[in-house]
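Residue numbers (my numbering), protein chains in the order written: chain A, 1 to 127; chain B, 128 to 1240.
In structure tokens form, the structure reads like this:
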């Protein structure tokens, strides 16, 4: 099963994702996990099994460790994980930075869930 | 000159000496585990086996699990005379002596009390001084006690006499004593601040000092510590000049110091010797040294990245306990080092390339037939170690003959001696002769190319066919002549297809069957001829099926049993004849259910690497299998990596993980033979603890009354080698028929035991399950009841009545007294309030006068400040509104979807959807309000609105203003975060304020608080610490006719020197351009002039700043 780690300091994101992906979760396609800070996310990654297929979906604007810092650490410590960054509409500066740090892909905020689902299905085909 | 740059680099290669470091294991006992204080000044083991630690604040008795702490208690003369412990000594009659900053003590075990000895001014028959620094006992039983400033005292306990020796009445070279030892010949040696003394007779001392030219010259006269080794050499530690070794014949002194490279640091405070005769020296700042004769020492230092390193580089004390363990007293608690018990060693290696360093993450390991060890790092390239040293290989983009990727997951050496390397991106064939890599990758659209670039395992079978297992692309068979692949994939429609596409393990049995493990699809046997797969999966209804489908590794034992290690399901033994599995999990003794590797040794025992250390499964043919577990405390990796293990030459095993690799011969790993002594330490009667020593009489019998029938024994096996692995069993003779095996628990509880005679027995086993069957025992008696007698009742009744009367009388008296005191206090307070009120009235008159003076410039300043702060705020507010709006949109859209769904689903699922809908609507409302409050706050701040005072509810007003300030701050610094504690008093009366002006005051205070806390956070972070959490406390309360509002931050505070100036116009501590310097000054005016209130500041540097505003209600 593919694990999806959603990193966002807004706690209501949990409810939102659980509802948006309710069909996929019910079908056992994805296994969602949530972290509300970059630190929490790294903790989660450390406990992962190297065989796990994981997509990390991270917001940029977070207190403490920002999404960009998280991306940098992830590329260094867990190079096999795919990291998709959520960037605000028109935020070219963060987009460029994330690209430089090796983000696998981007989605713009507000998140278009149809686009996101497509990206996740793509990942599914490799496993 | 030839330049290297002009040479075309085909691949990157470094030749180096092997950079491999063995990791040492120090176990820690710190304040977190209960130690009374961190600086451990002295350590000693008593004759019963307990270890005692003296610290700068308290004495600690350690029982391998925890400490009992003894401290000075001013009101109790039976406590220790001072909590700063300087030295410890056990005399030959087994009394523990403690030297403190305030006198000498001994500990009476039977009463758990201390008996004190002190200097009595003017009395020569007392200690010479109270600051005791050193102690020993001579052959006559006389205690020799060294003091900080007053020489030494000989305490003859038989005579009860104290004799003092100082520079005045003897030939002692100094009155400042640092250490005293008794040498093998009974001579007393004294280290002082001015040379070494040896006592030749009463009051006669010979001195050895620094005297250039002499063979007996010390490097320095300031001596810190002394130690005589088993060869009778005396080792002398000095304050600034290393160590001096005085030979056994006492004829010459040899120097060991940092200058000669034989010591890491010249300030030495402790010296001891281990069981192998090695001398250890503790330095201040330079860590711990194991001295090497005539060479560089082995130095142990703290390494913040490595948990099991020395905990601090300041070593104050050293001690060797009876089992040979070294006890190290540091500034940060006690470390325990026991080389002998480390059955494993972790060797850490890392990539050489600077940008990839600090990476011990080994993801694959293999030893080839030339005994070269191949190590693959995660994101660190490839390393080959052989007798000549080590070589490193990295990917070099654009070159086809280099390694394809730096994350390496698998190796295989084929019959031609080619090393096949599986990486995150491509399969590599490395030819040692040419030093070139041939890379195979997936070519999209070409079905004869590698099916997936993430290569997880490679295997050459007995027919010399090369199989490649990929992560996601199934299995591949390579035709070496054409370079083309045949791939096998899972087909969900075909039950005889490969069961999964993530291949983790491939092996072959004696019948040439290929077995393939998959992550998620179980495992299978491949029928190569038919190209079919016989699949074995978990079936939740069948306990004899595979425990779970996430196979991480497989192994075949000597009996051709296939062992399958899973992620989370432990291991499975698969019988090929019956097709059934036997499972082994944590419940059976496996150290962890995530199994990363399995190797089988000569005896057919299994060695299993897990996420929590290594387990040995002792297979015995029948069902009596037994586990032994080992972890990082035994010297192993903390966490092993799946697939990173292999057999080595000579029956050696390799297991690799996050800290490096472990190599060992399974035959060398023996059980610990030590039988730990078992002691019953405490006895709890109705949950009140008693030390065993104090209640067990010499007859070893406890007598309890009938009523004392709720009690508990606490016991310990005094084994300091992994005490957490000791196990216990107890048996109450007269009650139990069999032993109760209670695992690692160290207590046994009893209730409602009938009168009689009992014997309580405990036994224990060590970390390897070797039992000390003798254990210990305690006999006790429970006496029959006497309460049935009539006189007992009568006595009870009388006593109760008497006590009640007495109580009533005493209580009435006390209440009367309290009432008087109260009355007096009220009077005093009223007087105080009166004067205060007069003062504040006077002040208000003054202020009114000032207001008139300033009226002109005032308005302009306010406007300027307002525009400046508004500019700062609005920038990020649009962004902050975006988040709640997104939620509003998302949840409302979802709700529409859910409503549609509601019409189609069966009634039993409707309820779930309705509850989701309700939650969504609540969330829409919540986030709508959130956006609303941000907008409101912004408007309130900016509008030109009415300058009139309005009656305002202060709490919601603060809330709105706070939100505005917070979002403004977040806009400028995204990483900012702060916890707010609101102490809002309820039912506050409305207060008359000019809202737009007063909000400015609050925003100012909040902004200042945010800035102060951010600054402190930055400072603390830059020091490498992260424990600071910004905390803002906002308080509202009513006090008489005033409303008090407090804003407190936990930033660095305001220095005293500028505290008076902060309300001055244009005074700012911020960088130019970051603050107008008007904020607080305008706030001051708004509060005091416009609102007739007061504003005050309280601050403690480094801790907090608090602004307190009071407004008239």
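From the three backbone atoms N, C-alpha and C, an ideal C-beta is built for every residue, glycine too.
Note that the coordinates shown come from a computational prediction; the quantities given were computed from them, not determined experimentally.
| message | Can you confirm whether residue 20(A), when its beta carbon is compared against all beta carbons of chain B, has any partner nearer than 8 Å? | response | Taking the first chain and counting its residues from 1, the one referred to as residue 20(A) is at position 20. With 8 Å as the cut-off, residue 20(A) counts as an interface residue toward chain B.
| From residue 1233(B) to residue 103(A), what distance separates their C-alpha atoms? | Indexing the second chain from 1 puts residue 1233(B) at position 1106. Indexing the first chain from 1 puts residue 103(A) at position 103. Their Cα atoms are separated by approximately 44 Å.
| task | For residue 771(B), collect the residues of the same chain with a Cβ closer than 6 Å to its Cβ; drop the 5 residues on either side in sequence, then sort them by chain order. | result | In the second chain, residue 771(B) corresponds to position 644, counting from 1. 489, 490, 491, 492 and 783.
| query | Does the beta-carbon of residue 1185(B) have 16 or more other beta-carbons within 10 angstroms, so that it is buried, or is it exposed? | reply | Along the second chain, one-based indexing puts residue 1185(B) at 1058. Residue 1185(B) should be labelled exposed.
| Where does residue 1122(B) land, buried or exposed, given buried means 16+ other C-beta within 10 angstroms? | Residue mapping note: residue 1122(B) aligns to position 995 of the second chain, counting from 1. Flag for residue 1122(B) reads buried.
| DSSP three-state call for residue 816(B): helix, strand or coil? | Numbered from its first residue, the second chain carries residue 816(B) at position 689. In the displayed model, residue 816(B) falls within a strand according to three-state DSSP.
| Of the residues that make up the region 39-70 of chain A, which ones have a beta carbon closer than 7 Å to any beta carbon in chain B? | 49, 50, 51, 61, 63, 64 and 66
| query | Quick one, which residues of the region 99-117 of chain A are near chain B if we go by CB-CB under 9 Å, in chain order? | reply | 109, 110, 111 and 113
| message | Run through chain B and tell me which residues come within less than 7 Å of residue 80(A), C-beta to C-beta. | response | Reading the first chain from its first residue, position 80 is the one you call residue 80(A). Within 7 Å Cβ-Cβ: 534 and 551.
| query | Going along chain A in order, which residues have a C-beta closer than 9 Å to the C-beta of residue 1018(B)? | reply | Taking the first residue of the second chain as 1, we reach residue 1018(B) at position 891. Within 9 Å Cβ-Cβ: 12, 15, 16 and 19.
| field | Between the CA atoms of residue 1081(B) and residue 1139(B) - distance to the nearest angstrom | value | The residue labelled residue 1139(B) in the question sits at position 1012 within the second chain. The residue labelled residue 1081(B) in the question sits at position 954 within the second chain. Between residue 1139(B) and residue 1081(B), the C-alpha separation is close to 25 Å.
| Within chain A, the residues that residue 1093(B) reaches when beta carbons sit closer than 8 Å | Residue 1093(B) sits at position 966 when you count from the first residue of the second chain. Neighbours of residue 1093(B) in chain A, taken as residues whose beta carbon is under 8 Å from its own, are absent, since the nearest beta carbon is some 11 Å off.
| task | Classify residue 1200(B) as helix, strand or coil using the three-state DSSP reduction. | result | Along the second chain, one-based indexing puts residue 1200(B) at 1073. Its pLDDT being 47, under 50, residue 1200(B) is placed unreliably in this model, and the value from its coordinates should be taken loosely. Here residue 1200(B) sits in coil by DSSP.
| Distance between residue 545(B) and residue 562(B) (C-alpha atoms, nearest Å) | As a position in the second chain, residue 562(B) is number 435, starting the count at 1. As a position in the second chain, residue 545(B) is number 418, starting the count at 1. The straight-line gap from Cα to Cα measures roughly 11 Å.
| field | Three or more C-beta pairs below 8 Å linking the region 573-584 of chain B and the region 631-650 of chain B | value | Cβ pair count under 8 Å is three or more, so yes.
| request: On a CA-only basis, which of 381(B), 293(B) and 261(B) is nearest residue 397(B)? Give me that one, please. | output: Locating residue 397(B) in the second chain gives position 270, counting from the first residue. When only C-alpha atoms are compared, the closest one is 261(B).
| query | Sorted by chain position, which residues of the same chain lie with C-beta nearer than 6 Å to residue 372(B)'s C-beta, five sequence neighbours on each side aside? | reply | By one-based count along the second chain, residue 372(B) stands at place 245. Closer than 6 Å at Cβ, skipping near neighbours: 360, 362 and 381.
| message | I need the DSSP call for residue 848(B), collapsed to helix, strand or coil. | response | Position 721 of the second chain, counted from the start, is the residue given in the question as residue 848(B). Three-state DSSP puts residue 848(B) in coil, outside helix and strand.
| said: Please tell me whether residue 577(B) and residue 555(B) are closer than 8 Å, where the distance is taken between their beta carbons. | reply: Mapped onto the second chain, residue 577(B) falls at position 450. Mapped onto the second chain, residue 555(B) falls at position 428. Going by C-beta atoms, residue 577(B) is not nearer than 8 Å to residue 555(B).
| request: Specify whether the region 266-279 of chain B and the region 295-308 of chain B touch according to this definition: at least 3 beta carbon pairs, one from each stretch, less than 8 Å apart. | output: Output reads yes: the region 295-308 of chain B touches the region 266-279 of chain B.
| query | Sorted by chain position, which residues of the same chain lie with C-beta nearer than 7 Å to residue 105(A)'s C-beta, five sequence neighbours on each side aside? | reply | Position 105 of the first chain, counted from the first residue, corresponds to residue 105(A). Same-chain partners within the cutoff: 84 and 119.
| query | Listing by chain order, which chain A residues have their CB less than 7 Å from the CB of residue 631(B)? | reply | If you number the second chain from 1, residue 631(B) lands on position 504. Those within 7 Å of residue 631(B) in chain A are 51.
| request: With 8 Å as the C-beta to C-beta threshold (strictly closer), list the residues of the region 1017-1048 of chain B near chain A in chain order. | output: Within the region 1017-1048 of chain B, the residues whose Cβ lies closer than 8 Å to some Cβ of chain A are 1017, 1018, 1021, 1025, 1043, 1046 and 1047, listed in chain order.
| field | Minimum C-alpha distance to residue 419(B) - residue among 923(B), 871(B), 191(B) and 390(B) | value | If you number the second chain from 1, residue 419(B) lands on position 292. The shortest C-alpha to C-alpha distance from residue 419(B) to any of 923(B), 871(B), 191(B) and 390(B) is the one to 390(B).
| said: Does chain B have any CB closer than 8 Å to the CB of residue 121(A)? | reply: Along the first chain, one-based indexing puts residue 121(A) at 121. Cβ-Cβ to chain B under 8 Å: no for residue 121(A).
| query | chain A partners of residue 1104(B), CB-CB under 8 Å? | reply | Residue 1104(B) sits at position 977 when you count from the first residue of the second chain. What residue 1104(B) touches in chain A: 63 and 64.
| Nonlocal neighbours in the same chain, by C-beta distance under 8 Å from residue 219(B), ignoring five residues either side | Numbered from its first residue, the second chain carries residue 219(B) at position 92. Correct list, in chain order: 264 and 268.
| How about residue 253(B) and residue 229(B): do their beta carbons lie closer than 8 Å? | Sequence index remark: in the second chain, residue 253(B) carries index 126 (1-based). Sequence index remark: in the second chain, residue 229(B) carries index 102 (1-based). No, Cβ-Cβ distance for residue 253(B) and residue 229(B) is not below 8 Å.
| task | Measure from the C-beta of residue 1050(B) to each C-beta in chain A and report whether the shortest distance is under 8 Å. | result | Residue numbering aside, residue 1050(B) sits at position 923 when the second chain is read from its first letter. Interface residue, yes.
| query | Would the region 497-516 of chain B and the region 799-807 of chain B be scored as touching if the rule is three or more Cβ pairs under 8 Å? | reply | no
| Looking at C-alpha atoms only, which residue of 542(B), 211(B), 557(B) and 624(B) is the closest neighbour of residue 593(B)? | The count along the second chain starts at 1 and reaches residue 593(B) at position 466. It is 542(B).
| field | Beta-carbon proximity of residue 728(B) to residue 740(B), cut-off 8 Å | value | Residue numbering aside, residue 728(B) sits at position 601 when the second chain is read from its first letter. Residue numbering aside, residue 740(B) sits at position 613 when the second chain is read from its first letter. No, the Cβ-Cβ distance between residue 728(B) and residue 740(B) is not below 8 Å.
| said: If I follow the unbroken alpha helix (DSSP H) through residue 1128(B), where does it start and stop? | reply: Here residue 1128(B) refers to the residue found at position 1001 of the second chain. Segment 1122-1149, the alpha helix (DSSP H) holding residue 1128(B).
| query | residue 1014(B) touches chain A at which residues, Cβ-Cβ below 8 Å? | reply | Indexing the second chain from 1 puts residue 1014(B) at position 887. Neighbours of residue 1014(B) on chain A, chain order: 10, 12 and 16.
| For residue 472(B), the three-state DSSP class (helix, strand or coil) | By 1-based counting over the second chain, the position of residue 472(B) is 345. If DSSP states are grouped into helix, strand and coil, residue 472(B) belongs with coil.
| Proximal residues to residue 1225(B) (C-beta, below 6 Å), its chain only, five neighbours per side dropped | Indexing the second chain from 1 puts residue 1225(B) at position 1098. The answer, listed in chain order, is 1233.
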